Amino acid sequence: MEFMVASGVAAMTAAGIYLILNLRTFTVVVGLALVTYATNLFLFTTGRLAVNQPDIISSLDAPHTDPIPQALVLTAIVISFAMTAIILVMAVRGYFESGDDHVDLLGPEEEVARERR
Amino acid sequence: MNHWLIMPILFPAVVAPLLALAVRKDILLARVFSVGSTVCLLLFGLLLMGMASDGTTRTYSLGNWPSPFGIVLVLDRLTAIMLVLTAVLGLCVLLYSITGCDRRGEHFHPLFQFQLMGLNGAFLTGDLFNLFVFFEILLIASYGLMVHGGGAARMRAGIQYVVINLIGSSIFLLAMGLIYGVTGTLNMADLAEKVPQTVKGDEALLYTGAVMLLVVFGLKSAIVPFQFWLPGTYANAAGPVAALFSIMTKVGAYSIIRVFTLMFGETAGTGAWFATSWLMPAAMITMVLGMIGVVAARSLGQQASFAALGSMGTLLIAVAGFTAATESAALYYMIHSTLGIAALFLIIDAVVIRRPGFGDELAPSPKIANVGLIGSMFFLAVIAVIGMPPLSGFVGKLLILDAVKSLYGWGLIWALILSTSLLGLIGFASSGSILFWKSGQAKGELQPIGPTPTALPMVAIGLLLVLLIFLTGAAGPVTAFLDATAAQLFEPHQYIEAVLRPVGVVTK
Chain A
1 MEFMVASGVA AMTAAGIYLI LNLRTFTVVV GLALVTYATN LFLFTTGRLA
51 VNQPDIISSL DAPHTDPIPQ ALVLTAIVIS FAMTAIILVM AVRGYFESGD
101 DHVDLLGPEE EVARERR
Chain B
1001 MNHWLIMPIL FPAVVAPLLA LAVRKDILLA RVFSVGSTVC LLLFGLLLMG
1051 MASDGTTRTY SLGNWPSPFG IVLVLDRLTA IMLVLTAVLG LCVLLYSITG
1101 CDRRGEHFHP LFQFQLMGLN GAFLTGDLFN LFVFFEILLI ASYGLMVHGG
1151 GAARMRAGIQ YVVINLIGSS IFLLAMGLIY GVTGTLNMAD LAEKVPQTVK
1201 GDEALLYTGA VMLLVVFGLK SAIVPFQFWL PGTYANAAGP VAALFSIMTK
1251 VGAYSIIRVF TLMFGETAGT GAWFATSWLM PAAMITMVLG MIGVVAARSL
1301 GQQASFAALG SMGTLLIAVA GFTAATESAA LYYMIHSTLG IAALFLIIDA
1351 VVIRRPGFGD ELAPSPKIAN VGLIGSMFFL AVIAVIGMPP LSGFVGKLLI
1401 LDAVKSLYGW GLIWALILST SLLGLIGFAS SGSILFWKSG QAKGELQPIG
1451 PTPTALPMVA IGLLLVLLIF LTGAAGPVTA FLDATAAQLF EPHQYIEAVL
1501 RPVGVVTK
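Protein sequence lines correspond, in order, to chains A and B.
According to the working numbering, the first sequence is numbered sequentially starting from 1.
According to the working numbering, the second sequence is numbered sequentially starting from 1001.
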């Protein structure tokens, strides 16, 4: 169980970082989404993995799962959802304004070329 | 319970949606509301500063849940200083922008208020997770402000800025996960008590989390190797927005001071003050890189951005000393650098709108309108920013040089600070002479396109410069207050007691 979750987090982070290092905004956005998924999954496991246990603590000796990481991860999911929406909007605006979807800044030559168009 | 503590967060949180929904059509009304709200924030800040100056740490538990279970806001001297600084900067920038810049795009005023709300929240919060939440609030507002006015280059820079900060947010969450996994709490006061009790085997995890926190705060404050986003962002943002952003890097510095004196300070046992050895070299390289950038820059916006980078380096050198004297000097320099860099960006914006066709390029152009006034303001702001006598930058650097004398390797710090000041002087002297002297030789005068009001923008810039002069003249009382602030930071015991075991509250 631990191995599965850990390797899942690792695989998603690796794929996410690979995509973020790309030149085009679309892949960068997908990469960011993967990294935030991995982060949320990781955050979820910080209360230790417990399968089929209640998250209401009746007594500390009874088996239970830690409810706080679940609350934290809920907040993190909402925030990352909003952030993904923002960057998508900005990526689309950037595409329409500059005519391509590269992430690097415009150099002086590109500025000139764009003004000619 | 003292309800004033939540006002700096609650007030803009109410005003901002009102601005976005009710008065979005009427720019005049929006301006009145926005300025009114920022003036109120300044008054709240001053009131809270008055409260905090008696030296007690005040707390506010939301929903009256006892800490460490509930959300807690904490007010001490450091928080009060940051609140006042934010409000003062916000007011000056707002006064500058309400003459035209706020109409170049939509929703300037609501975003501005949300930005102030996020900043105030980050300064007031007493637990790590809410620090994350308020970081996100101030970032999401800053994304909107960053692309205010639009344009391809600005949009590109904006996308980079968002991507960098989203990665930063993920690292912040991972760091918190690690710290929560080891200690079982995210309340800063509670963490300060739990960190020394960490079992041997868990220390590696805990300190991995702590270093990741340092990485996130370093990313916000743009220290090497996370400085790449700053020049592109600041140089491409609208002038007033870049001026407001001069406090954004200080949020990172504030978080470093708060977290690493409280949680990983002298009480932390094996890991006490571990941040110094990471932060000090990074800060030195940042300062050198920033000032080299000032000499090498080919446009005014870039030059000011690199000056901001250099001043962050100087500030973080003082922060990384982690003694009461260096923290006090760092706080003085922080106030100075926020106001000085903001003034510089506003002046550059005033130059740019009067130079149609030339923009902020460092090339001789025909004379601009109001060249005398703007030139002398530029002169004053630059003297302050690079730390020449007689303005506050000089006092700030002197305080830092004096404070680091007790540190290991102070000779290197002295050599670097003094030589980079010289670099800054060379860079700004050349750009000032190109802009204001060589332009005098060309025939004719540039006419700005469209109306360019002078009165209010110049008052706003003048206000910032007057504050810098005040900071120099009143250096004695100001440093006395900052010494008391730093002393309070080095008594984490008081903070912890105030949060976890408040007087007058019976815990069952």
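Note that the Cβ used here is the ideal one computed from N, Cα and C, for glycine as well.
Keep in mind it's a predicted model, so treat the numbers as computed, not measured.
Coarse secondary structure for residue i, derived from DSSP in three states
{"i": "B/V1072", "result": "strand"}
{"i": "A/R117", "result": "Its pLDDT being 47, under 50, A/R117 is placed unreliably by the model, and nothing is read from it."}
{"i": "B/R1511", "result": "Outside the shown range of chain B, which is 1001 to 1508, sits residue 1511 of chain B, and nothing can be said about it."}
{"i": "B/S1053", "result": "coil"}
{"i": "A/H102", "result": "strand"}
{"i": "B/E1327", "result": "helix"}
{"i": "B/S1299", "result": "strand"}
{"i": "B/K1220", "result": "helix"}
{"i": "A/R24", "result": "strand"}
{"i": "A/D55", "result": "coil"}
{"i": "B/T1185", "result": "coil"}
{"i": "B/D1483", "result": "helix"}
{"i": "A/E97", "result": "helix"}
{"i": "B/E1497", "result": "helix"}
{"i": "B/E1491", "result": "coil"}
{"i": "B/D1127", "result": "strand"}
{"i": "B/K1194", "result": "helix"}
{"i": "B/K1367", "result": "strand"}
{"i": "B/T1507", "result": "Bear in mind that the predicted position of B/T1507 carries a pLDDT of just 48, short of 50, making it too unreliable to give a figure here."}
Own chain, CB closer than 8 angstroms to residue i, minus 5 neighbours either side, in chain order
{"i": "B/R1298", "result": "E1361 and L1362"}
{"i": "B/K1508", "result": "Here B/K1508 scores only 43 on pLDDT, less than 50, and its place in the model should not be relied on; the value that follows carries that caveat. Nothing listed; no residue qualifies."}
{"i": "A/V5", "result": "L41, T45 and L49"}
Cutoff 7 angstroms; reference residue i; Cβ partners in own chain excluding five residues on either side
{"i": "B/L1213", "result": "A1175 and V1259"}
{"i": "B/G1340", "result": "A1381, A1384, V1385, G1393 and L1468"}
{"i": "B/T1420", "result": "M1287, V1288, M1291 and G1310"}
{"i": "B/T1276", "result": "A1320 and F1322"}
{"i": "A/P67", "result": "D55"}
{"i": "B/I1353", "result": "P1448 and T1452"}
Within-7 angstroms CB hit, residue i to chain A
{"i": "B/A1152", "result": "yes"}
{"i": "B/E1174", "result": "Here residue 1174 of chain B turns out to be Leu, not Glu, going by the sequence shown. So yes, B/L1174 belongs to the interface."}
{"i": "B/R1258", "result": "no"}
{"i": "B/S1392", "result": "no"}
{"i": "B/V1163", "result": "yes"}
{"i": "B/R1156", "result": "yes"}
{"i": "B/S1067", "result": "no"}
{"i": "B/E1361", "result": "no"}
{"i": "B/E1136", "result": "yes"}
{"i": "B/G1181", "result": "yes"}
Minimum Cβ-Cβ distance from residue i to chain B less than 7 angstroms
{"i": "A/V30", "result": "no"}
{"i": "A/M4", "result": "no"}
{"i": "A/V35", "result": "yes"}
{"i": "A/M12", "result": "no"}
{"i": "A/I56", "result": "no"}
{"i": "A/S59", "result": "no"}
{"i": "A/I77", "result": "no"}
{"i": "A/L49", "result": "no"}
{"i": "A/R138", "result": "A question about residue 138 of chain A goes unanswered here, because the residues of chain A that appear run from 1 up to 117."}
{"i": "A/M1", "result": "no"}
{"i": "A/T39", "result": "yes"}
{"i": "A/S7", "result": "no"}
Residue range of the unbroken beta strand (DSSP E) whose run includes residue i
{"i": "B/T1059", "result": "R1058 to S1061"}
Whole-number beta carbon distance between residue j and residue i, since they are thought to touch under 8 angstroms
{"i": "B/A1093", "j": "B/A1342", "result": "The sequence as given places Val at residue 1093 of chain B; Ala does not occur at that position. Confirmed, Cβ separation roughly 7 angstroms."}
{"i": "B/L1041", "j": "B/P1008", "result": "6 angstroms"}
{"i": "B/T1233", "j": "B/M1146", "result": "7 angstroms"}
{"i": "B/A1369", "j": "B/L1316", "result": "About 39 angstroms separates the two Cβ atoms, so there is no contact after all."}
Same chain, Cβ closer than 6 angstroms to residue i, neighbours up to 5 away in sequence not counted
{"i": "B/A1016", "result": "P1110, Q1113 and F1114"}
{"i": "B/F1168", "result": "The question names Phe, but residue 1168 of chain B is Gly in the sequence shown. Hits under 6 angstroms: V1216 and L1219."}
{"i": "B/S1221", "result": "T1249, G1252, A1253 and M1312"}
{"i": "B/G1310", "result": "M1287, G1290 and M1291"}
{"i": "B/E1497", "result": "none"}
{"i": "B/W1410", "result": "V1404"}
Start and end residues, alpha helix (DSSP H) containing residue i
{"i": "B/I1400", "result": "S1392 to A1403"}
{"i": "A/Y18", "result": "E2 to I20"}
{"i": "B/W1509", "result": "What the structure shows of chain B is the stretch from 1001 to 1508, and residue 1509 of chain B is not part of that stretch, so it cannot be assessed."}
{"i": "B/N1120", "result": "F1108 to L1124"}
{"i": "B/A1243", "result": "G1239 to F1245"}
{"i": "B/T1079", "result": "R1077 to S1097"}
{"i": "B/M1263", "result": "Unbroken run through B/M1263: none, as it is neither H nor E."}
{"i": "A/A62", "result": "From DSSP, A/A62 is part of no alpha helix (DSSP H); its letter is neither H nor E."}
{"i": "B/F1470", "result": "A1455 to G1473"}
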